[in-house]
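A short worksheet on the structure shown next.
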Amino acid sequence: MSVSELFSVVQASLAADQDVREEIRKVVQTLEQTAREILTLLQTVHQMSGFKEIPNKCQKAREHFDTVKTHLAELKTKFPADQYYRFNEHWRFVLQRLIFLAAFVVYLESETLVTREGVAGILGVEVHRDKGFHLDIEDYLSGLLILANELSRLALNSVTAGDYSRPLRISSFINELDSGFRLLNLKNDSLRKRYDGLKYDVKKIEEVVYDLSIRGLGKGDEPSEGKVAEK
Amino acid sequence: MSKEGRFRKRKHDNVQPRNRKEEGQSKVNPLSPVLLSFESFQKELDAKHDKYERLVKLSRDVTIESKRTIFLLHRVISVSDVGELLSESETKFGDIRSKIQQIAQELIGEDTCQFHRAFSPGLQEYVEAVSFQHFIKTRTLISLDEINKQLIFTPKTEEAEHSEDSTLSCSQDQKQEQQPLSLQVTPTDYLLGIADLTGELMRLCITSVGNGDIETPFEVSQFLRAIYDGFTYIGNTGPYEVSKKHYTLKQSLGKVEDACYMLTVRGSEVPKHVLADVLSSKPSMIEHEEGV
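Those protein sequence lines, which keep their order, are chains P and S. Residues in the first sequence are numbered consecutively from -9, following the numbering used here. Residues in the second sequence are numbered consecutively from 158, following the numbering used here.
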């Protein structure tokens, strides 16, 4: 075969590859859209009025996750099942977001840490690689770290909204998460970088808890407001 | 007494989670489902990282051996017995392939793309070496299929080579016997390897000018031009790294074309018997131009 023939063979395979990527990108865009909608929905829990409507919000978010399921099912059809990691970077970001959102919903509902199986169930994907489109463990862990960050915010805002017991519950939850992460031997990669941020979230929540406890667990509104202003 | 009591209590606290690192955190129950699941995550991540490291190591070995083979093949112009040299390189390639086989072994049951970054440099270097040898032998470009064909391993040799793993992956070996083990070079790795090859060809061309070989430079320049056209044809369809190499390729081609030009110009005006002397002084001139 001549050189130019060889190159045209290679070119054809590269072009096919690009087509697949293009298809994937389209689906990922719709996924990102849905993820943003869910986030907007859940963001409202930070508002004063939002605390009462948490179950309602979670219910609505769950409905959105059905759309996510169909989109992810569509994504699965866009590439061969055994080439997950070849195109993985296209949906990595949005998948981490979705994991975070699922974990957030589960936390708001039951105040527990969602398991990997739980997330996989909500998103309609597999846990293990050999069964098809799956949840990469590093993505799952990254999602949990985003959750920790969001919860540190929630702790502050729940104080502002006058809910003084929530920060304590968040604190023990985050502490458990922190000890969990400390069991891992992380490599110097993006997950590790994210994990390094966890200690600041822990610190922030501990400060909230401290502020509450020295004031006798929030009797009166003044201290909490002063606290938020400091932040 | 109270002090003693507290001391005892704390000691007791420390004893319980002895095998855990976060002894200070008595608040967190070490048997909580969260911690238990993180323990399994730890195992999973560690296993993955270990595999990655092993692959990087193997890839480095492949790179080093491939580089050595390329150096060996560069001697082809100064050595009279080319056949012997080629057979020597062939045995070297055998060693490299057994390393690649080990990589394939590691990847049994894994998604190859997940660990691709670990072994891709080695494969590229291997492509470079193998295509260089192929060029020296046949003056043509080796195809991706041909390279991949050589990287299909029959399970018999694999068992002999893997005494260390044999106990561990016994069942896997049996499963593997039906289908031979293989590691496929991706089109991108192939392209990057070929782009590196052009650098070697440029060196080959310049040194052969130094040795008074008037045939090789022209062959190389023709071949390089074809490859350059191929890369131009691919353009930016390929990944970013490919287009980056494109620029270096152009430089290599420029040098080779310069050399051929010199040969043609000088060759026509210098009498045949003096030509060798003129040509052997050429490399220094070209080198000088490079520096400027």
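Yeah, the Cβ is synthetic: ideal placement off N, Cα and C, and Gly gets one too. Computed from a predicted model, the values in this text were never measured in an experiment.
- Counting only runs that start and end inside the stretch 259 to 305 of chain S, the alpha helix (DSSP H) elements of at least 4 residues fall at 273 to 295.
- Against chain P, the CB of S/C362 has no partner CB under 9 Å away; the residue lies outside that interface.
- Taking 9 Å as the threshold, the shortest C-beta distance from S/Q290 to chain P does not fall below it.
- Here S/L338 carries a strand assignment [DSSP, helix/strand/coil].
- Runs of the alpha helix (DSSP H) lying entirely within the stretch 88 to 149 of chain P and spanning at least 4 residues, in chain order: 106 to 113.
- The three-state reading of DSSP puts P/F(-3) in helix, counting H, G and I together.
- Between P/E12 and chain S, the shortest Cβ-Cβ separation is not below 9 Å.
- Neighbours of P/N178 across chain S, judged by C-beta separation under 8 Å, do not exist; the nearest C-beta is about 11 Å away.
- Within its own chain, the residues whose Cβ lies closer than 8 Å to the Cβ of S/S339, once the five positions on either side in sequence are excluded, are A261, N305, L308, I309 and F310, listed in chain order.
- For P/Y75, the closest Cβ of chain S is nearer than 9 Å.
- Under DSSP, P/F171 forms no beta bridge with any residue.
- Within the stretch 107 to 130 of chain P, the residues whose Cβ lies closer than 7 Å to some Cβ of chain S are R119 and I127, listed in chain order.
- At the C-beta level, S/F272 and P/L174 stay beyond 9 Å of one another.
- When 8 Å is used as the limit between beta carbons, P/V95 is near no residue of chain S, the shortest such separation being about 17 Å.
- Taking C-beta atoms as the reference points, P/R76 and P/G133 fail to come closer than 9 Å.
- In terms of beta-carbon proximity, S/P344 lines the interface with chain P, with at least one pair separated by less than 9 Å.
- C-alpha of S/I363 to C-alpha of S/L215: approximately 33 Å in a straight line.
- Annotated as distal: P/S161 and P/V104, with beta-carbon spacing of 9 Å or more.
- In this structure, P/L125 lies away from P/V149, with their beta-carbon atoms at least 9 Å apart.
- Interface residue (Cβ-Cβ distance to chain P less than 9 Å): S/C270 is classified as such.
- By the CB criterion at 9 Å, P/L(-4) and S/L301 fall inside the cutoff.
- In this structure, S/V219 places its C-beta atom within 9 Å of the C-beta atom of S/I257.
- The C-beta of P/H61 has 16 or more other C-beta atoms within 10 Å across all chains shown, which makes the residue buried.
- For the options P/F171, P/N46, P/L31 and P/I195, the alpha carbon positioned closest to that of P/R184 is the one of P/F171.
- Taking a beta-carbon distance threshold of 9 Å, P/N78 counts as an interface residue toward chain S.
- Put simply, the stretch 401 to 416 of chain S does not touch the stretch 19 to 27 of chain P. Fewer than three CB pairs are less than 8 Å apart.
- Minimum Cα-Cα distance from P/A151 among the listed residues P/L31, P/R11 and P/F41 corresponds to P/F41.
- Around the beta carbon of P/R15, fewer than 16 other beta carbons sit within 10 angstroms, so the residue counts as exposed.
- Look at S/T355: its C-beta is not under 9 Å from any C-beta on chain P.
- Per the C-alpha coordinates, the member of S/G279, S/I227 and S/I384 positioned closest to S/T343 is S/G279.
- CA-to-CA, the gap between P/L167 and P/I44 works out to about 22 Å.
- Three or more beta-carbon pairs separated by less than 8 Å link the stretch 244 to 254 of chain S to the stretch 286 to 301 of chain S, which places the two stretches in contact.
- Taking C-beta atoms under 8 Å as the contact rule, P/S(-6) and S/A383 qualify, at a distance of about 7 Å.
- Look at P/G170: its C-beta is under 9 Å from a C-beta on chain S.
- S/L406 places its beta carbon 9 Å or farther from that of S/I371.
- Short of 7 Å from the beta carbon of S/L354, and not among the five residues preceding or following it, lie these beta carbons of its own chain, in chain order: E285, S288 and F289.
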